[in-house]
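Chemist: Under the working numbering, the first residue of the sequence shown carries the number 74, and numbering increases by one thereafter.
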Amino acid sequence: MKKSVSMLICFILLVSLGINVHAEEFNDLPESHWAYQDIMTLAGEGTVNGYEDGSFQSSKTVTRAEFVKMIGKWDRAYEGTFSDLSQTHWGYEYIMWSGLEPEGNYIYPDREMLRSDVINLIWKRNGSPENNDAPYAISKQGTNRDATSWGYTIGLVQGDDGFNLRLDKALTRAEAATLIVRSRTIIAENKQYHFKNVVNENLLAQTFHSVFPGITYDKNATITYGELARAVMTLGAGGKPIYYDSSSLDTHDLFEHEYAKDLYVLANKVWGSEYYSQEKIDQNANLQDSLSGLVYGLVRRGGKTVNLGKLDAFYEDCVDAKSTTMENLCLSYAAAGGVKLTAGARLSAEQEATLGDIAALLVQLDEAAGLELGYIGDAMYNVKLNKDLSVYPANYADYASVIEGVPVSVYNLKQEATKPAEYYTKANQCAFVYTAFLGEVKNILKSEQNVNVSFTFYPSLTYEENGKTVFIVKCTATSDTVDLNSAFSKFLKEKTDLKAVPNKDFFVAFETYQPLMDVYLPSTGAFIKSIIIPD
Numbered sequence: 074m075k076k077s078v079s080m081l082i083c084f085i086l087l088v089s090l091g092i093n094v095h096a097e098e099f100n101d102l103p104e105s106h107w108a109y110q111d112i113m114t115l116a117g118e119g120t121v122n123g124y125e126d127g128s129f130q131s132s133k134t135v136t137r138a139e140f141v142k143m144i145g146k147w148d149r150a151y152e153g154t155f156s157d158l159s160q161t162h163w164g165y166e167y168i169m170w171s172g173l174e175p176e177g178n179y180i181y182p183d184r185e186m187l188r189s190d191v192i193n194l195i196w197k198r199n200g201s202p203e204n205n206d207a208p209y210a211i212s213k214q215g216t217n218r219d220a221t222s223w224g225y226t227i228g229l230v231q232g233d234d235g236f237n238l239r240l241d242k243a244l245t246r247a248e249a250a251t252l253i254v255r256s257r258t259i260i261a262e263n264k265q266y267h268f269k270n271v272v273n274e275n276l277l278a279q280t281f282h283s284v285f286p287g288i289t290y291d292k293n294a295t296i297t298y299g300e301l302a303r304a305v306m307t308l309g310a311g312g313k314p315i316y317y318d319s320s321s322l323d324t325h326d327l328f329e330h331e332y333a334k335d336l337y338v339l340a341n342k343v344w345g346s347e348y349y350s351q352e353k354i355d356q357n358a359n360l361q362d363s364l365s366g367l368v369y370g371l372v373r374r375g376g377k378t379v380n381l382g383k384l385d386a387f388y389e390d391c392v393d394a395k396s397t398t399m400e401n402l403c404l405s406y407a408a409a410g411g412v413k414l415t416a417g418a419r420l421s422a423e424q425e426a427t428l429g430d431i432a433a434l435l436v437q438l439d440e441a442a443g444l445e446l447g448y449i450g451d452a453m454y455n456v457k458l459n460k461d462l463s464v465y466p467a468n469y470a471d472y473a474s475v476i477e478g479v480p481v482s483v484y485n486l487k488q489e490a491t492k493p494a495e496y497y498t499k500a501n502q503c504a505f506v507y508t509a510f511l512g513e514v515k516n517i518l519k520s521e522q523n524v525n526v527s528f529t530f531y532p533s534l535t536y537e538e539n540g541k542t543v544f545i546v547k548c549t550a551t552s553d554t555v556d557l558n559s560a561f562s563k564f565l566k567e568k569t570d571l572k573a574v575p576n577k578d579f580f581v582a583f584e585t586y587q588p589l590m591d592v593y594l595p596s597t598g599a600f601i602k603s604i605i606i607p608d
């Protein structure tokens with residue numbers, strides 16, 4: 074009897090304290106579900122409920138009203154009104170006490186809650202701290218740069234690969250519960266995460282290989298000044314053989330070394346003439362010189378103009394960054410562009426650079442300027458690498474690189490044994506042959522079909538197959554209507570049912586009728602093998 078009375082008293086006390094003794098069980102949520110514990114935590118707190126049929130529906134996307142109920146009320150209320158929120162809405166109180174940012178005078182209570190909305194809200198509830206610790210390549214992905222940088226640096230939002238945050242995507246109910254519960258621990262721990270340690274190792278390796286295919290990637294390996302100088306010259310050559318201006322090389326000063334010419338150029342153009350020595354060439358390069366060298370490589374290559382901006386805006390821990398005007402400009406460009414390896418304003422300039430560090434820099438420089446090449450007419454442009462490994466083609470290793478915006482179906486056109494990477498340098502050297510052909514095709518479409526198009530030629534999407542050359546180009550038609558059968562009638566062997574959308578990119582695979590043996594490919598020298606319309 075006494076035991077029963079005691080248990081009853083305990084139960085009454087727990088209820089009076091607002092503690093849910095037994096969290097609601099959901100008939101579609103097994104204990105093995107990856108978010109089970111987090112969902113049950115919120116259910117126990119009373120901020121998460123199931124549906125009338127007893128289900129939780131963990132994979133259903135969460136609305137803005139549902140999310141602010143799940144996270145609980147803030148300590149301050151919104152004093153105004155919203156044009157799309159009446160007091161009869163079930164979530165009225167939660168929204169008014171949420172801190173959720175409106176768009177104009179609209180709060181959109183029943184719209185899906187985006188990941189960017191979540192980060193902005195949690196950041197706001199934690200004092201809206203100014204934060205510029207994450208690289209610009211990260212912070213620019215959000216609608217609030219301070220909130221995104223803060224969320225990334227403390228470990229709240231880092232995506233699946235440490236780079237693609239997918240902040241424009243909605244959350245499921247399970248994801249929302251996990252993020253809310255996890256945020257409590259993360260914010261309490263107040264750790265600081267660094268980009269170079271967070272970004273996915275496979276993404277680093279793929280980016281490095283795309284830029285420097287001749288160097289074996291080992292994230293922990295260091296790089297000498299001679300090796301770095303050669304890598305920079307390779308980057309600057311844009312996929313073509315390295316050109317050394319003999320008029321600027323004092324051959325009498327060159328000592329015997331594999332990388333002597335490369336170091337001579339970098340020393341005199343960027344790092345300072347004192348760097349050109351037999352002692353320096355085999356020393357390990359530091360981060361400051363690695364970064365200034367990589368930016369110089371982009372400048373040397375041309376393509377999309379790299380706006381170096383103003384002087385003296387380099388990282389606070391740089392040493393002798395004014396050795397040359399070019400070094401000053403390159404480091405200032407990187408610092409102003411938010412290129413970072415670690416959180417904060419410092420570069421760790423004098424620290425020895427590893428290949429992992431260089432790969433992390435390349436990921437950001439690609440996002441800023443583009444590290445792959447494309448040609449529109451006679452002009453060379455920098456294009457970005459695809460940095461989302463989740464949408465890579467299975468045969469990606471056969472190519473020199475995978476380009477942003479090119480669908481997987483384009484990469485799947487080739488035969489299994491074909492290796493386009495082996496043809497990359499030749500395609501780059503002969504880019505003028507293909508662009509001249511495309512120029513003729515463009516003129517024919519305009520004069521005979523009154524169709525305006527632009528073509529982008531990619532050396533990385535060019536290869537030899539069965540003795541013929543296949544080159545896949547991006548095509549954008551700017552005419553109001555585009556009838557592919559009519560427009561490309563001279564180049565199609567068979568009619569197509571595909572429909573092009575004006576001002577939307579599609580891809581055309583040309584194949585030469587004969588092996589390409591000349592520096593001129595006439596408009597009659599190739600036909601359309603395939604047309605790909607992206608989804």
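Beta carbons: idealized from backbone N, C-alpha and C, even for Gly. Everything numeric in this text was worked out from a predicted model, so none of it was measured.
#1: Compute the distance between the beta-carbons of LYS353 and TYR298, then report whether it is under 8 angstroms.
#2: Tell me the rounded alpha-carbon separation between VAL506 and ALA207.
#3: What are the start and end residues of each continuous alpha helix (DSSP H) run of 4 or more residues lying completely inside the stretch 138-188, in chain order?
#4: For the stretch 137-148 against the stretch 162-179, do three or more pairs of beta-carbon atoms, one drawn from each stretch, fall closer than 8 angstroms, so that the two count as touching?
#5: Apart from the five residues on each side of it in sequence, which residues of its chain come closer than 6 angstroms, Cβ to Cβ, to PHE564?
#6: Hey, LYS457 and GLY443: beta-carbon distance below 8 angstroms or not?
#7: Quick check on ASN501: does DSSP put it in helix, strand or coil?
#8: Short check: CB of TYR209 to CB of GLY370, under 8 angstroms?
#9: Under the rule that 16 or more other beta-carbon atoms within 10 Å means buried, what is ASP591, buried or exposed?
#10: In angstroms, rounded to a whole number, what distance separates the CA positions of LYS342 and PRO595?
#11: Identify the continuous beta strand (DSSP E) that holds THR542 and give its terminal residues.
#12: Among the candidates LEU238, ALA243, GLY228, whose CA atom is the shortest distance from the CA of GLN265?
#13: Can you list the beta strand (DSSP E) stretches of 3 or more residues lying completely in the stretch 422-496, in chain order?
#14: Under the rule that 16 or more other beta-carbon atoms within 10 Å means buried, what is GLN445, buried or exposed?
#15: On a Cα-Cα basis, can you pick out the residue from SER603, ILE606, ASP291, LYS541 that is closest to TYR586?
#16: Are there 16 or more other CB atoms within 10 angstroms of the CB of ASN539, so buried, or fewer, so exposed?
#17: Any idea if PRO532 is buried or exposed, counting beta-carbon neighbours within 10 angstroms, 16 or more meaning buried?
#18: Write down the C-beta distance between GLU400 and SER365 rounded to the nearest angstrom, noting that I regard them as a contact closer than 8 angstroms.
#19: Assuming the contact rule is C-beta atoms closer than 8 angstroms, LEU414 and ALA294 should be a hit. Round their C-beta distance to whole Å, please.
#20: Measure the CB-CB distance between PRO182 and ARG255 and report whether it falls below 8 angstroms.
#21: Go ahead and pull the three-state DSSP assignment for HIS95.
#22: Have a look at the DSSP bridge pairing and note the partners of ALA243.
#23: Tell me, please, whether the stretch 325-340 touches the stretch 301-309 by the rule of three or more beta-carbon pairs shorter than 8 angstroms.
#24: Is it true that the stretch 152-163 meets the stretch 269-279, where meeting means three or more beta-carbon pairs spaced less than 8 angstroms apart?
#25: Let me know if TRP163 comes out buried or exposed under the rule of 16 or more other beta-carbons within 10 Å of its beta-carbon.
#26: Taking the alpha carbon of ILE259 as the point to measure from, which residue in ARG218, ASN217, TRP196, ALA278 has its own alpha carbon closest?
#27: At a cut-off of 7 angstroms, would you count GLY287 as near the ligand FMN, judging by its Cβ distance to the nearest heavy atom?
#28: From LYS292 to VAL284, what distance separates their C-alpha atoms?
#29: What's the call for LEU571, buried or exposed, on a 16-neighbour Cβ count within 10 Å?
#30: Hey, quick one: how far does the beta strand (DSSP E) through LEU364 stretch, first residue to last?
#31: Under a three-way DSSP split, which group does LYS577 fall into?
Modeler: According to the structure shown:
#1: As a working mapping, residue 353 is identified with position 280 in the sequence shown. As a working mapping, residue 298 is identified with position 225 in the sequence shown. Contact check for LYS353 against TYR298 passes: the beta carbons are separated by less than 8 angstroms.
#2: The residue given as residue 506 occupies position 433 in the sequence shown. The residue given as residue 207 occupies position 134 in the sequence shown. One alpha carbon belongs to VAL506, the other to ALA207, and they sit about 43 angstroms apart.
#3: DSSP runs (the alpha helix (DSSP H)) wholly in the stretch 138-188: 165-169.
#4: Taking 8 angstroms as the limit for Cβ pairs, the verdict is that the stretch 162-179 does touch the stretch 137-148.
#5: Within the sequence shown, numbered from 1, the residue matching residue 564 stands at position 491. Answer for PHE564: PHE600, ILE601, listed in chain order.
#6: As a working mapping, residue 457 is identified with position 384 in the sequence shown. As a working mapping, residue 443 is identified with position 370 in the sequence shown. Yes, the Cβ-Cβ distance between LYS457 and GLY443 is below 8 angstroms.
#7: What you label residue 501 is simply residue 428 of the sequence shown in a count that begins at 1. Of the three classes helix, strand and coil, the one that applies to ASN501 here is helix, per DSSP.
#8: On the sequence shown, residue 209 is found 136 positions in, with the first residue counted as 1. On the sequence shown, residue 370 is found 297 positions in, with the first residue counted as 1. Contact: no.
#9: Stepping through the sequence shown from its first residue, residue 591 is reached at position 518. Flag for ASP591 reads exposed.
#10: Taking the first residue of the sequence shown as position 1, residue 342 is located at position 269. Taking the first residue of the sequence shown as position 1, residue 595 is located at position 522. For LYS342 and PRO595, the distance between alpha carbons rounds to 42 angstroms.
#11: Numbered from 1 along the sequence shown, position 469 holds the residue referred to as residue 542. 541-550 is the extent of the beta strand (DSSP E) around THR542.
#12: As a first step, residue 265 must be located in the sequence shown, where it is residue number 192. Put simply, of LEU238, ALA243, GLY228 the residue whose alpha carbon is nearest the alpha carbon of GLN265 is GLY228.
#13: As far as the stretch 422-496 is concerned, its whole beta strand (DSSP E) runs of at least 3 residues are 445-449, 452-456.
#14: As a position in the sequence shown, residue 445 is number 372, starting the count at 1. Here the sequence assigns Glu to residue 445, which means Gln is not the residue at that position. Buried, since its Cβ has 16 or more Cβ neighbours within 10 Å.
#15: For the purposes of this step, residue 586 is identified with residue 513 of the sequence shown, where counting begins at 1. Nearest of SER603, ILE606, ASP291, LYS541 to TYR586, Cα basis: LYS541.
#16: Translated into positions along the sequence shown, residue 539 becomes position 466. By the 10 Å Cβ count, ASN539 comes out exposed.
#17: Residue mapping note: residue 532 aligns to position 459 of the sequence shown, counting from 1. So PRO532 counts as buried.
#18: On the sequence shown, position 327 is the one that residue 400 refers to. On the sequence shown, position 292 is the one that residue 365 refers to. The pair is a contact, with the Cβ atoms about 5 angstroms apart (cut-off 8 angstroms).
#19: Within the sequence shown, residue 414 is the residue found at index 341, counting from 1. Within the sequence shown, residue 294 is the residue found at index 221, counting from 1. About 16 angstroms separates the beta carbon of LEU414 from that of ALA294, a gap too long to meet the 8 angstroms contact definition.
#20: As a first step, residue 182 is located in the sequence shown; it is residue number 109 there, counting from the start. As a first step, residue 255 is located in the sequence shown; it is residue number 182 there, counting from the start. No, Cβ-Cβ distance for PRO182 and ARG255 is not below 8 angstroms.
#21: Your numbering for residue 95 matches position 22 in the sequence shown. Residue placement at HIS95 is flagged as unreliable, the pLDDT there being 39, under the threshold of 50; the coordinate-derived value follows with that caveat. DSSP places HIS95 in the coil class of the three-state scheme, outside both helix and strand.
#22: The sequence position of residue 243 within the sequence shown is 170, counting from 1. Listed as beta-bridge partners of ALA243 by DSSP are LEU187.
#23: In this structure the stretch 325-340 lies against the stretch 301-309, because at least three pairs of beta carbons, one per stretch, are closer than 8 angstroms.
#24: Touching, no.
#25: Indexing the sequence shown from 1 puts residue 163 at position 90. For TRP163, the number of other beta carbons within 10 angstroms of its own is below 16, and it is reported as exposed.
#26: Along the sequence shown, one-based indexing puts residue 259 at 186. With distances taken between Cα atoms, ILE259 lies closest to TRP196.
#27: This structure does not include the ligand FMN; it has no bound ligands of any sort.
#28: Working through the sequence shown from its first residue, we reach residue 292 at position 219. Working through the sequence shown from its first residue, we reach residue 284 at position 211. Between LYS292 and VAL284, the C-alpha separation is close to 15 angstroms.
#29: Along the sequence shown, one-based indexing puts residue 571 at 498. Its Cβ having fewer than 16 others within 10 Å, LEU571 is exposed.
#30: As a working mapping, residue 364 is identified with position 291 in the sequence shown. Per DSSP, LEU364 belongs to no beta strand (DSSP E); it is in the alpha helix (DSSP H), 360-374.
#31: To locate residue 577, count along the sequence shown from 1; it is residue 504. Residue state, collapsed to three classes: coil.
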